[in-house]
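First residue of the sequence shown? That's 4 in my numbering, and the numbers climb one at a time after it. In this text, a Cβ means the ideal position worked out from N, Cα and C, and glycines have one as well.
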Amino acid sequence: MIKRVHVVYHLKVDADTDRAKIQRAFDSHMPKCPVYRSISGSIECTTELVLEDA
Numbered sequence: 004m005i006k007r008v009h010v011v012y013h014l015k016v017d018a019d020t021d022r023a024k025i026q027r028a029f030d031s032h033m034p035k036c037p038v039y040r041s042i043s044g045s046i047e048c049t050t051e052l053v054l055e056d057a
């Protein structure tokens, strides 16, 4: 049985990219994700964002 899921997003971004906008989108995506909404009651879900220079 799966008890936990941890997803790491690796995004390559240009130096002039507004990282605050990326962070806001990342912070708000999970509650809107249909997969997360269907499994969150029984499986612990965590995410991590890693921004890399392009």
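Review point. Closest by CA to residue 48, which one among 36, 27, 56?
Key: Indexing the sequence shown from 1 puts residue 48 at position 45. Ranking 36, 27, 56 by Cα distance to residue 48 puts 36 first.
Point to revise | Whether residue 55 touches residue 14 by CB criterion (9 Å) | key: Position 52 of the sequence shown, counted from the start, is the residue given in the question as residue 55. Position 11 of the sequence shown, counted from the start, is the residue given in the question as residue 14. A distance below 9 Å separates the beta carbons of residue 55 and residue 14.
Check your understanding: Ends of the alpha helix (DSSP H) at residue 30?
Key -> Position 27 of the sequence shown, counted from the start, is the residue given in the question as residue 30. Note, residue 30: alpha helix (DSSP H), 22-32.
Exercise for review: Return yes when the C-beta of residue 26 is under 8 Å from any heavy atom of the ligand COA, and no when it is not.
Suggested key: With respect to small molecules bound, the structure shown includes none, and the ligand COA cannot be examined in it.
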